[in-house]
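Here's the structure, in structure tokens; my notes come after.
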Amino acid sequence: MTTEKGVPIFSRRRFLQLSLLGTVAASGGALLAACGGTTATPTIAPAPASAPPSAAASAPTTAAAATTQATAPATRAASSPVAAGTATRSAAGTPGGASTPVAAIDGKYPSGNPLVPDAYTKLPPPFKSSTGSPLSGGKVSVFMIAYNPPPTPKAQNNYWQELEKRLGVQLDITFVPQAAYVERLAAATAAGDLPDLVYVNTGMAPDQFKALLQGAYTDLTPLLTGDSLKTFPNLAAFPQKLWENVAINKKILGVPRMRYFANNPLFFRQDWAEKVGIPHPKNAEELFNLFLALTKNDPDGNGRGDSFALTGMGGDVFSLGWFNNMFRVPNGWRLNPDKTLTNQLETEEFRNTITYIRRLWEAGVYHPDSAQMNLQQARDAFIAGKIGGYSSGFLELPGSQGLRAKTKAASSPNADVQAILPPGHDGGKPSWRLGGGIFGFVSVNNKVGRDQARARDLLRVLDWFAAPFGSEEYNFLNFGILGTHYTIGTDGSVVRTDSGRAEIAEIPLIANSPPAFFYPDTPADGPYMQGVMRSMVDVGVNSPVESLYAPSASEKAAVLNQLTKDRTIDIVVGRRPLSGLDELISEWRSRGGDQIRKEYQDALNQ
Numbered sequence: 256m257t258t259e260k261g262v263p264i265f266s267r268r269r270f271l272q273l274s275l276l277g278t279v280a281a282s283g284g285a286l287l288a289a290c291g292g293t294t295a296t297p298t299i300a301p302a303p304a305s306a307p308p309s310a311a312a313s314a315p316t317t318a319a320a321a322t323t324q325a326t327a328p329a330t331r332a333a334s335s336p337v338a339a340g341t342a343t344r345s346a347a348g349t350p351g352g353a354s355t356p357v358a359a360i361d362g363k364y365p366s367g368n369p370l371v372p373d374a375y376t377k378l379p380p381p382f383k384s385s386t387g388s389p390l391s392g393g394k395v396s397v398f399m400i401a402y403n404p405p406p407t408p409k410a411q412n413n414y415w416q417e418l419e420k421r422l423g424v425q426l427d428i429t430f431v432p433q434a435a436y437v438e439r440l441a442a443a444t445a446a447g448d449l450p451d452l453v454y455v456n457t458g459m460a461p462d463q464f465k466a467l468l469q470g471a472y473t474d475l476t477p478l479l480t481g482d483s484l485k486t487f488p489n490l491a492a493f494p495q496k497l498w499e500n501v502a503i504n505k506k507i508l509g510v511p512r513m514r515y516f517a518n519n520p521l522f523f524r525q526d527w528a529e530k531v532g533i534p535h536p537k538n539a540e541e542l543f544n545l546f547l548a549l550t551k552n553d554p555d556g557n558g559r560g561d562s563f564a565l566t567g568m569g570g571d572v573f574s575l576g577w578f579n580n581m582f583r584v585p586n587g588w589r590l591n592p593d594k595t596l597t598n599q600l601e602t603e604e605f606r607n608t609i610t611y612i613r614r615l616w617e618a619g620v621y622h623p624d625s626a627q628m629n630l631q632q633a634r635d636a637f638i639a640g641k642i643g644g645y646s647s648g649f650l651e652l653p654g655s656q657g658l659r660a661k662t663k664a665a666s667s668p669n670a671d672v673q674a675i676l677p678p679g680h681d682g683g684k685p686s687w688r689l690g691g692g693i694f695g696f697v698s699v700n701n702k703v704g705r706d707q708a709r710a711r712d713l714l715r716v717l718d719w720f721a722a723p724f725g726s727e728e729y730n731f732l733n734f735g736i737l738g739t740h741y742t743i744g745t746d747g748s749v750v751r752t753d754s755g756r757a758e759i760a761e762i763p764l765i766a767n768s769p770p771a772f773f774y775p776d777t778p779a780d781g782p783y784m785q786g787v788m789r790s791m792v793d794v795g796v797n798s799p800v801e802s803l804y805a806p807s808a809s810e811k812a813a814v815l816n817q818l819t820k821d822r823t824i825d826i827v828v829g830r831r832p833l834s835g836l837d838e839l840i841s842e843w844r845s846r847g848g849d850q851i852r853k854e855y856q857d858a859l860n861q
């Protein structure tokens, strides 16, 4: 994921780390992992709390101050096959339109596109996003996934107690470890013993589709569409596309945890490309020559010929997803004029991609251990200067603990690490396969949601948690209580206290606001990341089945995905001929692919 480790998304663990570094990069609200905030001190950035077990890198104990005007962002476009570095806006908002710089407004770089986050080089002045407490008594029970140890129990937890005062309600949270999430949710669903608010991730727990369609959760469509949505101003700020994507067969059954709509660029040593004299390849052939030169021409200058252009693993096998964009492979499925569907495996574009990757393998541009490398090994090889590129989660790149800074420190101070798109294979524009922008959603138990007044109350609580970046509510969720959960150093930096680490944990993850790019220790990274995201979205292609439910897809996806991965590796490394793709397609169809197609087509034509 690169998905929230598993969801389309981007590496969740890195996302969490960076959000805790003050890199407010996703999900709205507070943090993606655990952070606190205070309404009194909005111009500071929190130090990190603990990250999920799979965290890519350890986080520092302080974050750079953001109390003064940050360093001006870079003004040049990224040096890459498709420039993706500066904050840019496409003409008329059309994909591939001419780009013009986005003007900063007191440290804010408005995106102008609901699918592209705003960027900041400093925190904005605080503002209130709500009037008063959302409720005035009672209890709300919550079932949520947890990637970290649970917080200090409420009776000894100042943050939790203060949160309840601000919400106006007693908040009872059941924290379920990620490893036990599927089993515990299935048991609670079967027993009819669900809390008021339930975190549902159908990617992790596909059996929840049945519960959703059989009425275990409240149909929130009447409350979260049209004028009714306006009564929840923070939720109303979500992009319309997000609500479309979270709907299952046209019903909104939960409030989405928002993530990025585009992800998994190629992290790339642009300084190596400059050194070998092919800085801006314009098509597939020029890109091939660049990768060959990176492997043969000793770009790191150590005289040993021990560097390679690419690794095979990382976020996806052989960076296949990235190369799919170069050949404009459909986003999972192609919707034909007659309303039938063609799977990506069955397209000529996919065949051309596999043929190209196999050619790269035969030319020796992939690290020889590529087929066995895991993501951490790929990352380590890149940082050490052993490979020139790999594809993975977007948020591994920025910040003082990100890939760019670590590569400079470990490999070369002149390392120029970029997040890039490929050129179109024929010299035109590439495409970019967009994700749903969602990592699960929070549903309302139908037993309580049948009461429309109660359903509205619960949505008011979620609306408060979805407070926008820079608001007083957001700052409390992110920073905690001054003197209790953090202190401010003489340089304006924030240091998380032991209480801050223990008390806040993942409580703010109950709901999320739209993301924002903000890196107080490397402020120029905010506009840069916005520019990368804009480049992706400008050539973005949506999946035609994003919000559709196919029972066979839930049942067979894991097996079919593993089949595709294994056969792809075999074909690329030469254990099977290129004609093995025809065998793969045939087996994919007979083992469930055709049934999935039929179910999606039926849903499309309802």
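Its first residue numbered 256, the sequence shown is counted upward by one per residue in the working numbering.
Just so it is clear, CB atoms sit at the ideal spot from N, CA and C, and this is done for glycine as well.
Given the structure is predicted, the values throughout are model-derived calculations rather than measurements.
Inclusion of S384 and E728 in the CB contact set at 8 Å is warranted, their separation being smaller than that value. At the C-beta level, A757 and V510 stay beyond 8 Å of one another. With a cutoff of 8 Å on beta-carbon distance, M399 and P770 are scored as not near each other.
Rounded to the nearest whole angstrom, the C-alpha separation of I824 and A626 is 7 Å.
Per the Cβ contact rule, the stretch 544 to 562 is in contact with the stretch 528 to 536 (3 or more Cβ pairs under 8 Å). A401 is classed as buried because its beta carbon has at least 16 other beta carbons within 10 Å across all chains shown. In this chain, the alpha helix (DSSP H) harbouring I759 covers D753 to I759. The stretch 655 to 668 and the stretch 421 to 430 do not touch, with fewer than three beta-carbon pairs separated by less than 8 Å. Following the DSSP letters along the chain, one finds Y783 inside the alpha helix (DSSP H) bounded by residues D780 to D793. Per DSSP, the continuous alpha helix (DSSP H) segment holding R709 begins and ends at Q707 to F720. In the DSSP assignment, Q673 falls within the beta strand (DSSP E) that extends over V672 to I675. The beta strand (DSSP E) runs of length 3 or more contained entirely in the stretch 627 to 665 are, from start to end of the chain, 642 to 646. DSSP places F734 inside the alpha helix (DSSP H), whose first and last residues are E727 to F734.
Listed in chain order, the beta strand (DSSP E) runs fully inside the stretch 432 to 503 are 452 to 455, counting runs of at least 3 residues. The beta carbon of F523 is closer than 8 Å to those of S335, G643, G644, V672, Q673, A674 and I675 in its chain, skipping five residues each way along the sequence. Ranking N700, P372 and H740 by CA distance to the CA of S790 puts P372 first. Between the stretch 493 to 504 and the stretch 797 to 812, the count of C-beta pairs closer than 8 Å reaches three or more; the two stretches touch. I759 counts as buried, since at least 16 other C-beta atoms from the protein chains shown sit within 10 angstroms of its C-beta. Between the stretch 697 to 707 and the stretch 401 to 414, the count of C-beta pairs closer than 8 Å stays below three; the two stretches do not touch.
Nearest C-alpha to A564 among P520, W719 and H622: H622.
Under the DSSP assignment, V397 falls outside any alpha helix (DSSP H), being part of the beta strand (DSSP E) whose first and last residues are K394 to A401.
Around the beta carbon of S841, a 10 Å sphere encloses fewer than 16 other beta carbons of the protein chains shown; the residue is thus reported as exposed.
The three-state reading of DSSP puts F605 in helix, counting H, G and I together. Here DSSP, grouped into helix, strand and coil, assigns G847 to helix.
In the structure shown, the three-state DSSP call for R831 is coil. Between F573 and N607 the beta-carbon gap is near 14 Å, outside 8 Å, which marks them as no contact.
Assignment of P806 by DSSP, reduced to helix, strand and coil, places it in the helix class. Between the stretch 819 to 836 and the stretch 768 to 783, the count of C-beta pairs closer than 8 Å stays below three; the two stretches do not touch. Residue R711 holds the alpha-carbon nearest to the alpha-carbon of T480 among R711, E761 and A358. For M581, no beta strand (DSSP E) run applies; the uninterrupted alpha helix (DSSP H) run containing it begins and ends at L575 to M581, by DSSP. Y472 and A858 have their alpha carbons spaced roughly 21 Å apart. Per DSSP, the beta bridge partners of V796 are R688.
In this structure, S646 places its C-beta atom within 8 Å of the C-beta atom of P520.
Under the criterion of beta carbons closer than 8 Å, G795 and A517 qualify as touching, at roughly 6 Å. With respect to the C-alpha of M788, the residue from S726, R688, L732 and Q707 having the closest C-alpha is R688.
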